[in-house]
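As you go down the protein sequences, you meet chains A and B in turn.
Going by our numbering, the first sequence opens with residue 0, and the numbers climb by one from there.
Going by our numbering, the second sequence opens with residue 21, and the numbers climb by one from there.
Where a beta carbon is used, it is the ideal one built from N, C-alpha and C, also for glycine.
See below for the structure under consideration.
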Amino acid sequence: MTQAWERELQKLRSVNAPDETVGRVGRGPTGDPFDTGPGPRQRILAAVVAIAVFGAAGAFAYAGFADRTDVVDDGEVKIVGPVAEPLLVTFSFRDDENVGVLPLATLTYGDDRLQACTSGADVELTDGRSTNFAADCNTPRPIEVPQGTLLAFDGEGEFEVEMRRGPPTDAAPGIYDLDLSVTWVPSESVVEAEAAFVASIEIVDPAPTEGEPLVLTVQVDDRNRFEPYATLTYSGEERDLFCRSYTVMWVGGGGDGMMTNCGPGTPLAVPVGTELEIVSEPRAEVSLSPAQPTMAIGRAFLTIDVTWPRNDVWRSAEASFQARLLVVESVEPSVTPSSDLLVGSGMVLEEGVAAPEFCLGGVLDSFPPQCSGVPLRGWDWSLVEGEQTSGETTWGDATIIGRFEGETFVVSSVGPYEAAPDEGPDFTPPCEEPQGGWVVTDPTRASDEDRTEAIRDAEAQPDHTASWISYLTPPTDDTEDPGLYVLVLGFAGDLERHRREAEELWGGPLCIFQQERTYRELRSIQRRLEDVAAEVGAEMTFSSGDVVSNQVEMGVIVSSPQLEQALVERFGEGAVRIVPALRPVR
Amino acid sequence: MMATVGGRLTDREASATPDFDALFRAEGDRVFRTLYAFTGGRADVAQEATAEAFARAVAHGGQLREPVAWIYRVAFRVAIDELRRDRRRAPEQDGVIAPPELSGLLEALRELSPNQRAAVVLHHVLDLDVAEVADRMGIATPTVRVHLHRARSRLRELLGSEEDDR
Chain A
0 MTQAWERELQ
10 KLRSVNAPDE
20 TVGRVGRGPT
30 GDPFDTGPGP
40 RQRILAAVVA
50 IAVFGAAGAF
60 AYAGFADRTD
70 VVDDGEVKIV
80 GPVAEPLLVT
90 FSFRDDENVG
100 VLPLATLTYG
110 DDRLQACTSG
120 ADVELTDGRS
130 TNFAADCNTP
140 RPIEVPQGTL
150 LAFDGEGEFE
160 VEMRRGPPTD
170 AAPGIYDLDL
180 SVTWVPSESV
190 VEAEAAFVAS
200 IEIVDPAPTE
210 GEPLVLTVQV
220 DDRNRFEPYA
230 TLTYSGEERD
240 LFCRSYTVMW
250 VGGGGDGMMT
260 NCGPGTPLAV
270 PVGTELEIVS
280 EPRAEVSLSP
290 AQPTMAIGRA
300 FLTIDVTWPR
310 NDVWRSAEAS
320 FQARLLVVES
330 VEPSVTPSSD
340 LLVGSGMVLE
350 EGVAAPEFCL
360 GGVLDSFPPQ
370 CSGVPLRGWD
380 WSLVEGEQTS
390 GETTWGDATI
400 IGRFEGETFV
410 VSSVGPYEAA
420 PDEGPDFTPP
430 CEEPQGGWVV
440 TDPTRASDED
450 RTEAIRDAEA
460 QPDHTASWIS
470 YLTPPTDDTE
480 DPGLYVLVLG
490 FAGDLERHRR
500 EAEELWGGPL
510 CIFQQERTYR
520 ELRSIQRRLE
530 DVAAEVGAEM
540 TFSSGDVVSN
550 QVEMGVIVSS
560 PQLEQALVER
570 FGEGAVRIVP
580 ALRPVR
Chain B
21 MMATVGGRLT
31 DREASATPDF
41 DALFRAEGDR
51 VFRTLYAFTG
61 GRADVAQEAT
71 AEAFARAVAH
81 GGQLREPVAW
91 IYRVAFRVAI
101 DELRRDRRRA
111 PEQDGVIAPP
121 ELSGLLEALR
131 ELSPNQRAAV
141 VLHHVLDLDV
151 AEVADRMGIA
161 TPTVRVHLHR
171 ARSRLRELLG
181 SEEDDR
């Protein structure tokens, strides 16, 4: 049986390449024929599990396995193992609490399809294949599922489903073991509850480095203002994790895992080979993600979400899940540790069919936003939170670690966006405070007009470098009172002459100081930056003059020793400050 | 000696030039089909991307270790570039002239992201498993699953989930 969308999709089977395509191939490439194309996909040899479950009031569970790839997607489980040894799977469909409600579940394996459990009704296979499934909804019995069998499960209604792997077999060594059960507790009326479980784990040990830790951050949220409870076990040590009114703490031992609230906690250093176990009980959301990737573990990502409806009144609903993750070494290291890993924070924007872009070259604050940046490969929106979509455009903020392959930035790891510290210029007067403090020496020449005239005169000088006002007290509505600020004027030449000239125009607090490069020189440097960038193959994103530091800021995608050297040779030491959007991972 | 195993050319060591005629006969329509969906029904772009990818593969001769996956990934990239250029040239035109029998499907596919379209076609139309889809798309297998999950959910909403016995 097929669903309507599947039937529609099959129409594409009739779509073929036009006949003239062969001729076009024969004319050869129009692009760069020596383009090496995308590099080989890194092989990931470890546990990979992804689960996504449920619509409204749905429930389901399961996964287990193994050595190559496990597929758990929308309730689909593909069992892959090196040996054709069957995997023992037990299914339990229970409907012992919600009498009168009609649970509905469908299990598909191989070519068989199972319509299961309606108010305690027998389980039967719709195609008549004999089965050793439970004769009723309450008696689980194991079935044997050959390696390579595709299981599909889709359920909705008020019921409980459990799917468990039987005893580990040689064919399915216990690299990864995940059990999930979600239980809806009966109440006077049907309880509406939603649950989603997403777990995605990729573990790569590109260069087995024994003992190098995997750094993880555990986060517990309490969206429902109740008291989530979770237990994290690692290295044989069990810790309880409470999140009560947005406060989380570890109990049961000290060590390097301390959480201070329900937000992101202190990273844990977990050695390769550590077995992690997380058990979460009602009303908790737990996510586990790497704080920083290490070279020992190329990438690890796990998110588990269980969400309850935000009702005004508490409804009885419980869920629990348990995940055990054993970090193992890659059988076939495929990633060479190198120093070319880069990290940066910014917006990612995907528009229509274009590849997602890492917006490192500026963002136009429209709706949806527009930006220029570098194309991303290996981007996955499920790794970020808070992305927005409008029409064909999706955007969100993230911190990305990756490396360049040609002009494409290949994603290695994704984390929450980290805003750059907003360090504005330091407007402290660069002059020593006079004896007696900053005072108005001539009130008759301390008006706004006098200040404006003094600045205008200074800026007309060829050796002028900077002009600004330093407030001595936080600005308020009457900040223009001359007693509250210092007029700062910078020059590259004769300071005494400039002081005399400025004092003739301005009777308020005055600071005259020396700088190396004139304002005109800074502007000249700024205009020439693009040429330098082009010479060394750097991509410039912005430039701006910083008169306070007497430098020009040059924004680039990524800096390089060649760029640094070229700037020093061309403009002198310290004239240009490079602001890279991507920095090397150290 | 060159062998084709499940659409994947092997035996690089023999350094013989792959039989691209045979490869095109085996995979040409499938690449085009995928690109047709990926581009949301832009047959012109799909054809150019397919042809360009094969042409580049021919230019590389026997240097490609996995020519089939390589061709798909190049084709995706060429299509993206072509659509990007196209949008700059005539942003108001989408260039889609869909056959009547496909108009509903293409309309639904265009509600998906390009990667979702590609994943769902590679998996459900070309019958590739998830690892093969990941290989063709140059992305990780968990990412493929997420794309597939979202694509199926959306297609159910858009095209329906009622079943028949076919």
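At a CB-CB cut-off below 8 Å, which residues of chain A make contact with residue i?
i        : result
B:Ser181 : Gln2, Ala3 and Trp4
B:Leu43  : Within chain A, no residue comes near B:Leu43; the closest Cβ sits about 10 Å away, beyond 8 Å.
B:Leu148 : In chain order: nothing, as chain A lies at least about 13 Å away.
B:Ala139 : Under the 8 Å cutoff, chain A gives no residues; its nearest Cβ is about 11 Å from B:Ala139.
What is the DSSP secondary structure of residue i, reduced to helix, strand or coil?
i        : result
B:Phe96  : helix
A:Ser644 : In the structure as shown, chain A begins at 0 and stops at 585. Residue 644 of chain A is therefore absent and cannot be evaluated.
A:Leu375 : strand
A:Thr20  : helix
A:Ile468 : strand
A:Thr29  : coil
A:Glu187 : Because A:Glu187 sits at a pLDDT of 34, beneath the cut-off of 50, its placement in the model cannot be relied upon, and the following sentence gives the value as read from the coordinates. Reduced to three states, the DSSP call for A:Glu187 is coil.
B:Tyr56  : helix
A:Tyr518 : helix
B:Gly81  : helix
B:Gln67  : helix
A:Trp394 : strand
A:Leu494 : helix
A:Thr427 : coil
A:Gln369 : strand
A:Val413 : strand
A:Ser558 : coil
A:Thr388 : strand
B:Glu182 : coil
A:Leu348 : strand
A:Leu581 : strand
A:Glu586 : In the structure as shown, chain A starts at 0 and stops at 585, and residue 586 of chain A therefore has no counterpart that could be examined.
A:Glu432 : coil
A:Glu356 : strand
A:Leu340 : coil
Show which residues of chain A have a CB atom less than 7 Å away from the CB atom of residue i.
i        : result
B:Val153 : Within chain A, no residue comes near B:Val153; the closest Cβ sits about 11 Å away, beyond 7 Å.
B:Arg121 : Reading off the sequence, residue 121 of chain B comes out as Glu, not Arg. Result: Lys10.
B:Gly81  : Going along chain A, no residue has its Cβ under 7 Å from B:Gly81, so there is no contact; the nearest lies around 10 Å.
B:Asp49  : Asn15 and Ala16
B:Ala57  : Leu11
So which residues on chain A does residue i lean against when the C-beta distance must stay under 9 Å?
i       : result
B:Gln67 : Ala16, Pro17, Glu19, Thr20 and Arg23
B:Glu72 : Arg23, Val24, Pro28, Thr29 and Gly30
B:Val88 : Under the 9 Å cutoff, chain A gives no residues; its nearest Cβ is about 12 Å from B:Val88.
B:Ala75 : Arg23, Val24, Gly25, Arg26, Gly27, Pro28, Thr29, Gly30 and Pro32
My assumption, with CB atoms under 8 Å, is that residue i sits in contact with residue j. Please give the rounded CB distance.
i        : j        : result
A:Thr587 : A:Val342 : Past the boundaries of the shown model lies residue 587 of chain A; chain A is included only from 0 to 585, so the question cannot be answered.
A:Ile590 : A:Arg498 : One cannot answer for residue 590 of chain A here, as it falls past the ends of chain A, which runs 0 to 585.
B:Thr70  : A:Ala16  : 6 Å
B:Phe74  : B:Phe40  : 7 Å
A:Leu504 : A:Asp456 : 6 Å
B:Ala77  : B:Ile91  : 5 Å
A:Gly506 : A:Thr443 : 7 Å
B:Leu175 : B:Ala128 : 6 Å
Just the chain C side, please: which residues come within less than 8 Å of residue i by C-beta, in chain order?
i        : result
A:Ala397 : Among the protein chains of the structure shown, namely A and B, there is no chain C.
Mind listing the chain B neighbours of residue i? Cutoff is C-beta to C-beta under 7 Å, in chain order.
i        : result
A:Ala354 : Ile100
A:Glu538 : Ordered by position in chain B, no residue passes the 7 Å Cβ test against A:Glu538, which lies about 18 Å from the chain.
A:Glu384 : Per Cβ cutoff of 7 Å: no residues; A:Glu384 is ~14 Å from chain B at best.
A:Glu529 : Near A:Glu529 there are no residues of chain B at all, since even the closest Cβ is about 22 Å away, more than 7 Å.
Give the residues of chain B in contact with residue i, contact being defined as C-beta atoms less than 8 Å apart.
i        : result
A:Glu404 : Simply none; closest approach about 10 Å.
List the residues of chain B whose Cβ lies closer than 9 Å to the Cβ of residue i, in chain order.
i        : result
A:Glu503 : Result: empty, since nearest Cβ-Cβ is about 58 Å, beyond 9 Å.
Is residue i close to the ligand ZN? I mean its beta-carbon at under 8 Å from any heavy atom of the ligand.
i        : result
A:Glu495 : The ligand ZN is not part of the structure shown, which contains no ligands of any sort.
Cβ contact (3+ pairs, closer than 8 Å) linking the segment 534-542 of chain A and the segment 355-363 of chain A = By the criterion of at least three beta-carbon pairs nearer than 8 Å, the segment 534-542 of chain A is in contact with the segment 355-363 of chain A.
request  = Taking 8 Å as the threshold, find out whether the segment 58-75 of chain B comes into contact with the segment 122-135 of chain B through three or more Cβ pairs.
outcome  = yes
inquiry  = With three or more beta-carbon pairs closer than 8 Å as the criterion, would you say the segment 461-471 of chain A touches the segment 544-557 of chain A?
reply    = yes
message = Could you check whether the segment 443-452 of chain A touches the segment 555-573 of chain A, counting it as contact only if at least three pairs of C-beta atoms, one from each stretch, sit closer than 8 Å?
response = no
Continuous alpha helix (DSSP H) assignments of at least 4 residues falling wholly in the segment 145-176 of chain B = 150-157
task = Could you say if the segment 16-28 of chain A and the segment 138-153 of chain B meet the contact criterion of at least three C-beta pairs nearer than 8 Å?
result = The segment 16-28 of chain A is not in contact with the segment 138-153 of chain B.
ask   = Counting Cβ pairs closer than 8 Å, one from the segment 484-494 of chain A and one from the segment 514-534 of chain A, do we hit at least three?
value = Between the segment 484-494 of chain A and the segment 514-534 of chain A, the count of Cβ pairs shorter than 8 Å is three or higher; the stretches touch.
task = Pair every Cβ in the segment 367-382 of chain A with every Cβ in the segment 395-410 of chain A, then say whether three or more of these pairs are closer than 8 Å.
result = yes
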